[in-house]
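Step one of this worksheet: look at the structure below.
There are 2 protein chains.
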Amino acid sequence: MVFSLIAQDARTGARSGKIETPHGAVHTPAFMPVGTQATVKALTPEDLTSSGAEIVLCNAYHLYLRPGHQLIKSLGGLHRFMCWEHPLLTDSGGFQVYSIAANQKVTEEGISFQSHLDGSRHLLTPELCMDVQEALGVDIMMCLDECIPYPASHEYVSRSLDLTTRWARRCRERSRGRGQGVFGIVQGGMFKDLREKGVSDLACLDFDGYALGGLSVGESTPLMREMVEHTAPLLPPDKPRYLMGVGTPEDMVEAVRCGMDMFDCVLPTRNARNGMLFTSFGRIVIKNARHRAEDIPVDPQCSCYTCTHYSRAYLHHLFSAREILSYRLNTLHNLSYYLNLVAAMRRALAEGTFADFYQGFYAARTSRDNNHQAYGIQ
Amino acid sequence: MVFSLIAQDARTGARSGKIETPHGAVHTPAFMPVGTQATVKALTPEDLTSSGAEIVLCNAYHLYLRPGHQLIKSLGGLHRFMCWEHPLLTDSGGFQVYSIAANQKVTEEGISFQSHLDGSRHLLTPELCMDVQEALGVDIMMCLDECIPYPASHEYVSRSLDLTTRWARRCRERSRGRGQGVFGIVQGGMFKDLREKGVSDLACLDFDGYALGGLSVGESTPLMREMVEHTAPLLPPDKPRYLMGVGTPEDMVEAVRCGMDMFDCVLPTRNARNGMLFTSFGRIVIKNARHRAEDIPVDPQCSCYTCTHYSRAYLHHLFSAREILSYRLNTLHNLSYYLNLVAAMRRALAEGTFADFYQGFYAARTSRDNNHQAYGIQ
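Just so you know, the sequences run in chain order S and F.
Once you know that position 125 of the first sequence is 125 in this note's numbering, the rest is easy, because the numbers rise by one and skip nothing.
Count along the second sequence from 1, add 1000, and you get the number used in this note's numbering.
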């Protein structure tokens, strides 16, 4: 796995780059659509590539439990299983064990838990975590980390951070497939000194990339952004920097400004299924009665399949009737919005116009009152 | 609307033809995917055309209630609303009022009922039924008919048939849009003499096509087929003949043999969402454990998107995980199967080999025991 920087903004930490993997290149800043169970909900691989996706995130925890990593390996690996020939990253499962599984217990050895599907008992060790991702054959593997509740005391977070570092070392030392990269995950809660320690502990292990974990877990947006702003510049500059589980369009723009390169979030896909659509001028809730008879696209400035084919009135009807096509068209639009947003940042960085991009991004939003009448934003 | 016969089988009633409508041609025998609420569940128009669909069936009852035919008209008509530029047929709503609505009451004037959505009271008259379909701008409109329970007495069916005929006359006399064709619906329950009377009463009204209604409503398959076999040859030969709501692949083949031209049924789409898939050698239930690790397509002889991209193991996983993509891929496959089946019948009729087609169709099925091991059919 090779990462090369393409451009850096003169006035901020923002940068663009390219990650080369066995399944092709990922241009950063990159947004990774979430395909938890080996499918980005409602979309085919063709939908994803035509929306501009270069990499998809799947989840090792879910795939380990169902259908099983050994089964996927026997079928030729995750790429072939889900018919996605481009890069794949899997989350390690630490967060899912924390948030979905039952009766978790963390020990030095790993995390024991009960499956959310059938209650079966499992022990997720750093080694198993790597083995699962190796069997899946993904391009980027994530270390096992301990996710902690928010808020948590300095003492608790400090002890947990040390455990995460020991697990990271065990992950680093585990053998893996040819060309598979491993990213370390920086924890440290909302404590700047612990985030600093997390970075320096992990940097020694020479990972292929570094992620910020344990953010967007219930803290306020200003606090989350403060932690990113403090920690991002400390991460090794010659490696990809991944902000896990974040976030809103504004969160991504701010994090890119701080020097982060990669993002994943269920927001565009989950909100699509709930009828909340992102646009260049704000958000619209398609089920609202105001859209019932509107013969305009969701976002007149958007060139996605949904906006070039269908009216808000039709999308309102599909959502009201709970039609499956509603989820698909809404998801296509929201993902296109996210993927266009990172593409616009890449272009601005290449052209040295990131400041203009940044200003324009917020200007479209602050003029939302003017657009209110015309575009029906909420 | 012009119908022309292309080929007729020498030994059976089977025939192929072409219906020309303002939105293009429909080649018969034709299967019409069901898009009740202005969408074939889970599919885009591109999915439909690439599967071989030339015409889609929507439902006047559903669209009248939601979002409303006047709204659709104000948005440019149903074709534009749902982004389908090919022919559309709407069912009149008689069957839906009978099967879904509450507190129906049939009078000479029409059918009064309460909406299944909000309980609001409506009176569906033959004139309103035509006006709704005129506003939608569909290519083929269906007359309002009275649907009757099965079984029903000769006396009851006879009285109902006369009412349906009087309603058909009122539908025929209602003004409609340029190029819009109207089909009459032959009722008559399971009584051959009443089916005969239904045909002769409607034939006088010179409809653009004739449908057999009130079949596949609970009677046995042999009885249904007996009614089709008796009635189909009586229908005017120079007009399209439409068997409503039918049926299985076998039902379609048998009905084509009797001289029927058009079909619609929720079976391929609904069963897809329940995990039941049609193949050339029988049916498979994708959720069954036997398919969990199978690295072969649903039907190795099928060239649909699903079969050319995904294994049964992946489809089994998607169905088990209740993923939206499961509904989409299964629907694509089943519709492709149905549309390929009518296409194969059209080809066989054009080439004068319908007898060979017919034999081969059943041979593939009767050899299912041999295929059982290899293909996992049920």
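Where is the CB? At the ideal position from N, CA and C, for every residue including glycine.
Contacts that residue i makes with chain F (C-beta to C-beta distance below 8 Å)
i         : result
Tyr-310/S : Cys-1083
Proximity test, Cβ basis, 8 Å: residue i and chain F
i         : result
Asp-295/S : yes
Leu-161/S : no
Leu-75/S  : yes
Pro-67/S  : yes
His-317/S : yes
Arg-169/S : no
Gln-378/S : Bear in mind that a pLDDT of 48 at Gln-378/S, under 50, signals an unreliable position, so the number given afterwards is only what the model happens to contain. No - not a single Cβ of chain F is within 8 Å of the one on Gln-378/S.
Where residue i meets chain S, residues with beta-carbon distance less than 7 Å
i          : result
Gln-1037/F : Ala-321 and Glu-323
Tyr-1314/F : Phe-81 and Met-82
Start-to-end residues for the alpha helix (DSSP H) that takes in residue i
i          : result
Ile-1185/F : Not the alpha helix (DSSP H): Ile-1185/F falls in the beta strand (DSSP E), residues 1181 to 1186.
Met-1345/F : 1324 to 1351
Gly-1094/F : 1094 to 1099
Met-1224/F : 1221 to 1231
Leu-215/S  : Premise fails: Leu-215/S is in no alpha helix (DSSP H) and is neither H nor E.
Met-1082/F : 1078 to 1082
Val-199/S  : 192 to 203
Ala-364/S  : 354 to 366
Thr-1308/F : 1305 to 1309
Gln-301/S  : Taken as a continuous stretch (DSSP letters only), Gln-301/S belongs to no alpha helix (DSSP H), as it is neither H nor E.
Thr-1049/F : 1045 to 1051
Ala-313/S  : 312 to 320
Leu-1071/F : 1069 to 1074
Beta-carbon proximity check, residue i vs residue j, cutoff 8 Å
i          : j          : result
Val-186/S  : Gly-177/S  : no
Met-32/S   : Phe-263/S  : yes
Cys-304/S  : Ser-280/S  : no
Arg-172/S  : Phe-207/S  : yes
Ile-1072/F : Leu-1136/F : yes
Tyr-408/S  : Arg-283/S  : In this structure chain S extends from 1 to 378, so residue 408/S is not present and cannot be described.
Leu-43/S   : Cys-58/S   : no
Ser-175/S  : Cys-129/S  : no
Met-141/S  : Gly-181/S  : yes
Tyr-314/S  : Phe-1361/F : no
Leu-1325/F : Thr-39/S   : yes
Asp-9/S    : Leu-349/S  : yes
Chain-ordered chain S contacts of residue i [CB-CB under 9 Å]
i          : result
Arg-1176/F : By Cβ distance, chain S contributes nothing, its closest Cβ being about 24 Å from Arg-1176/F, past 9 Å.
Interface flag, residue i vs chain S, CB-CB below 8 Å
i          : result
Tyr-1327/F : yes
Ala-1042/F : yes
Arg-1283/F : no
Glu-1134/F : no
Arg-1290/F : no
Asn-1370/F : Low confidence applies to Asn-1370/F: its pLDDT is 47, below 50, so where it sits in the model is not reliable, and the reading given next is rough at best. Not one chain S Cβ lies under 8 Å of Asn-1370/F.
First and last residue of the uninterrupted beta strand (DSSP E) at residue i
i          : result
Arg-1172/F : Here Arg-1172/F belongs to no beta strand (DSSP E); instead the alpha helix (DSSP H) covers 1154 to 1173.
Lys-1018/F : 1015 to 1021
Gln-37/S   : Element bounds for Gln-37/S: n/a, residue is neither H nor E.
Tyr-242/S  : 241 to 243
Asp-142/S  : At residue 142/S the sequence reads Met, which differs from the Asp that was named. Taken as a continuous stretch (DSSP letters only), the beta strand (DSSP E) holding Met-142/S covers 140 to 142.
Asp-1251/F : First-last for Asp-1251/F: 1249 to 1257, but that is the alpha helix (DSSP H), not the beta strand (DSSP E).
Arg-1283/F : 1282 to 1285
Residues that residue i contacts on chain S, provided the C-beta gap is smaller than 8 Å
i          : result
Arg-1195/F : Those within 8 Å of Arg-1195/F in chain S number zero; the least Cβ separation is about 36 Å.
Within chain F, the residues that residue i reaches when beta carbons sit closer than 7 Å
i         : result
Arg-270/S : In chain order: nothing, as chain F lies at least about 12 Å away.
Residues bridged to residue i [DSSP beta-bridge criterion]
i          : result
Asn-59/S   : Asp-91/S
His-1122/F : Phe-1113/F
Gln-1008/F : Arg-1015/F
Tyr-210/S  : Gly-184/S and Arg-241/S
Met-1032/F : Asp-1264/F
Met-1/S    : DSSP output for Met-1/S lists no bridge partner at all.
Thr-279/S  : Gly-282/S
Val-1106/F : Ile-1111/F
Val-1026/F : Ile-1019/F
Contact test: residue i Cβ vs the ligand SAM heavy atom, cutoff 7 Å
i          : result
Asp-1251/F : Looking for the ligand SAM in the displayed structure turns up nothing, as the structure carries no ligands at all.
Within chain F, partners of residue i - CB distance below 9 Å
i        : result
Leu-71/S : Arg-1292, Ala-1293, Ala-1313 and His-1317
Closer than 8 Å to chain C by CB, residue i
i          : result
Phe-1278/F : Here the protein chains are S and F, and chain C is not one of them.
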